[in-house]
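Asker: Here you go, one structure.
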Amino acid sequence: MIEKRDPSRPLKIGTRGSVLALAQAYETRARLMAAHGLPVEAFEIVPIKTTGDRITDRPLKEIGGKGLFTREIEEALAEGRIDIAVHSMKDMPTVQPEGMVIDCLLPREDVRDAFVSPHVASIDDLPEGAVVGSSSLRRRAQLAHYRPDLKLVEFRGNVQTRLKKLEDGVAQATFLAMAGLRRLEMLDVARGPILPEQMLPAVAQGAIGIERRTDDHETRDLLGPVHDVETGQRIAAERSFLARLDGSCQTPIAGLAELQPDGRLRLRGQILQPDGSEAFMAERLGEIPDGPAMGVDLADELLSLAGSGFLHHLQGH
Ligand SMILES: NCc1[nH]cc(CCC(=O)O)c1CC(=O)O
Numbered sequence: 001m002i003e004k005r006d007p008s009r010p011l012k013i014g015t016r017g018s019v020l021a022l023a024q025a026y027e028t029r030a031r032l033m034a035a036h037g038l039p040v041e042a043f044e045i046v047p048i049k050t051t052g053d054r055i056t057d058r059p060l061k062e063i064g065g066k067g068l069f070t071r072e073i074e075e076a077l078a079e080g081r082i083d084i085a086v087h088s089m090k091d092m093p094t095v096q097p098e099g100m101v102i103d104c105l106l107p108r109e110d111v112r113d114a115f116v117s118p119h120v121a122s123i124d125d126l127p128e129g130a131v132v133g134s135s136s137l138r139r140r141a142q143l144a145h146y147r148p149d150l151k152l153v154e155f156r157g158n159v160q161t162r163l164k165k166l167e168d169g170v171a172q173a174t175f176l177a178m179a180g181l182r183r184l185e186m187l188d189v190a191r192g193p194i195l196p197e198q199m200l201p202a203v204a205q206g207a208i209g210i211e212r213r214t215d216d217h218e219t220r221d222l223l224g225p226v227h228d229v230e231t232g233q234r235i236a237a238e239r240s241f242l243a244r245l246d247g248s249c250q251t252p253i254a255g256l257a258e259l260q261p262d263g264r265l266r267l268r269g270q271i272l273q274p275d276g277s278e279a280f281m282a283e284r285l286g287e288i289p290d291g292p293a294m295g296v297d298l299a300d301e302l303l304s305l306a307g308s309g310f311l312h313h314l315q316g317h
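Each residue of the sequence shown is one higher than the one before, starting from 1 at the first, in the UniProt record's numbering.
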């Protein structure tokens, strides 16, 4: 049995300070309140600025390093200034620091990317040579592969900043995660979702993970009831795939695991050259407990399809 938390010692929820990150922290709080019948006073939301938030004028791949959006938050967790950290799993390195674990995943949102443009309804409607803004290495590579005629420009900043850039005519279109737009209640800016067949999403897109200190068993028990088992199974397969490729935000990689109606797990993966000149896609079908092994297997298949030159390119970053 879980004791009711003492509201004078609220559970401290660490998060980035962006509007989207805060929405994710509120969702986490609401689920914990509902699961345990706790009042809002039992929680304190602690916004933390990360390196990735501070540097907004350079492409992420130039700043480099893993955990750009997580380091400061994990430090706060290690030092006990917060009890849990709420993360977009898409932004998380595949390995957590010593003493930290993410074993709680909220039910996954829409995994798809959205096409966003004030001018046209879809990628296919973009005129020849149109300018598209995106800082996502994956989206840039996928788009360049599909439409080599388009011109890509960097597009950093939060959702509001990017929409302003579209208004200002910096680019004619961009992409945003459907999950983020839903959580911000801004779905109306999307022209529509892009099917995974056309643009396979990032590994773990749409999933929120909650990190805690491994030895904090009180918090583990508090999080238990809000963990979504199916999301956990899907994310385990996708992140195993990513880990095998030694993926970072500098490597164009896409991956998506889905439960089939027959209860089996379907895992699709893609690797691309950053300039879109080459793209390799494959998939695996298997039983749920085999998800992580399927991830490894799929990564190896893609690497052998791509050949040794490609592998060298990936590792050379
Ligand atoms: N890299 C930034 C980031 N991390 C998570 C999301 C969206 C929400 C999600 O995928 O869970 C976004 C913005 C975007 O891709 O549009």
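All C-beta atoms, glycine included, are put in the ideal place defined by N, C-alpha and C.
Looking at Gly180 and ligand 3, is the gap between the Cβ and the nearest heavy atom below 7 Å?
Answerer: Of the ligands this structure carries, namely ligand 1, none is ligand 3.
Asker: Using alpha carbons as the reference points, say which of Leu176, Glu109, Arg147 lies closest to Ser134.
Answerer: Leu176
Asker: Take Ile55 as the anchor and find which of Asp113, Met33, Asn158 has the nearest alpha-carbon.
Answerer: Asn158
Asker: Name the two residues that bound the continuous alpha helix (DSSP H) containing Ser304.
Answerer: Ser304 -> alpha helix (DSSP H) spans 291-306.
Asker: For ligand 1, I want to know if Gly157 counts as a neighbour, meaning its beta carbon is within less than 7 Å of at least one of the ligand's heavy atoms.
Answerer: no
Asker: Does ligand 1 have even one heavy atom less than 7 Å from the beta-carbon of Gly206?
Answerer: yes
Asker: Please classify Thr161 as buried or exposed, where buried requires at least 16 other C-beta atoms within 10 Å of its C-beta.
Answerer: exposed
Asker: Is Gly80 helix, strand or coil when you go by DSSP?
Answerer: coil
Asker: Could you tell me the distance, in whole angstroms, from the CA atom of Val86 to the CA atom of Ala171?
Answerer: If I take the Cα positions, the gap works out to 32 Å.
Asker: Can you list, in chain order, the residues of its chain whose CB lies under 6 Å from that of Gly67, leaving out five sequence neighbours each side?
Answerer: Pro93
Asker: Where does the unbroken beta strand (DSSP E) through residue 364 begin, and where does it stop?
Answerer: Because the chain here runs from 1 to 317, residue 364 falls outside it and cannot be looked at.
Asker: Enumerate in chain order the residues of its own chain whose CB-to-CB distance from Phe69 is below 6 Å, with the five nearest sequence positions on each side excluded.
Answerer: Thr50, Gly52, Asp91
Asker: Three or more C-beta pairs under 8 Å: does that hold for the segment 144-151 against the segment 269-281?
Answerer: Using a C-beta cut-off of 8 Å, the segment 144-151 makes contact with the segment 269-281, since at least three inter-stretch Cβ pairs fall below that distance.
Asker: Taking all protein chains shown into account, do 16 or more other C-beta atoms lie within 10 angstroms of the C-beta of Pro252, making it buried, or fewer, making it exposed?
Answerer: buried
Asker: Report whether the distance from the Cβ of Ser88 to the nearest heavy atom of ligand 1 is below 7 Å.
Answerer: For Ser88, the shortest separation between its Cβ and any heavy atom of ligand 1 lies below 7 Å.
Asker: Hey, would you say the C-beta of Ala141 is under 7 Å away from at least one heavy atom of ligand 1?
Answerer: no
Asker: Any heavy atom of ligand 1 closer than 7 Å to the CB of Ala23?
Answerer: no
Asker: So, for Ala299: in the same chain, excluding its five sequence neighbours on each side, which residues have a beta-carbon less than 6 Å away from its beta-carbon?
Answerer: Phe241, Arg244, Leu245
Asker: Hey, is the segment 116-125 in contact with the segment 251-270, meaning 3+ C-beta pairs nearer than 8 Å?
Answerer: As far as the Cβ criterion goes, the segment 116-125 does not touch the segment 251-270, which means the pair count is below three.
Asker: Out of Arg183, Ala21, Arg212, Glu27, state which residue places its alpha-carbon closest to the alpha-carbon of Gln96.
Answerer: Arg212
Asker: What are the partner residues of Lys100, as DSSP defines its beta bridges?
Answerer: A quick correction: the sequence has Met, not Lys, at residue 100. Beta-bridge pairing links Met100 to Arg213.
Asker: Does Arg58 pass the burial test, meaning 16 or more other C-beta atoms within 10 Å, or should it be called exposed?
Answerer: exposed
Asker: If we count Cβ pairs, one from each stretch, closer than 8 Å, do we get three or more for the segment 190-203 versus the segment 101-121?
Answerer: yes
Asker: Taking the straight line between their C-alpha atoms, what separation do you get for Ile2 and Val229?
Answerer: Note on Ile2: pLDDT 44, under 50, position unreliable in the model; the coordinate value appears next. About 20 Å.
Asker: Closest to Arg31 by CA distance: which of Ala293, Arg239, Leu223, Gly269 is it?
Answerer: Leu223
Asker: What's the C-alpha gap between Gly206 and Arg183?
Answerer: Whole-angstrom Cα-Cα distance: 10 Å.
Asker: What span of residues does the alpha helix (DSSP H) with Gly206 cover, start to end?
Answerer: First-last for Gly206: undefined, no H or E at that position.
Asker: For Arg139 and Val296, I'd like the C-alpha separation in whole angstroms.
Answerer: 23 Å
Asker: Would you kindly check if the distance between the Cβ of Val132 and the Cβ of Ala179 is under 8 Å?
Answerer: no
Asker: Should Glu41 be labelled buried (16 or more other beta-carbon atoms within 10 Å of its own) or exposed?
Answerer: Exposed.
Asker: Out of curiosity, what's the CA-to-CA distance linking Gly316 and Arg9?
Answerer: Legend: pLDDT at Gly316 = 45, less than 50; position of this residue unreliable, value from coordinates given subsequently. If you take the alpha carbons of Gly316 and Arg9, they lie about 48 Å apart.
Asker: When the Cα atoms are used, what is the spatial distance from Leu166 to Phe155?
Answerer: 10 Å
Asker: Flag Ala177 as yes when its Cβ comes closer than 7 Å to any non-hydrogen atom of ligand 1, and as no otherwise.
Answerer: yes
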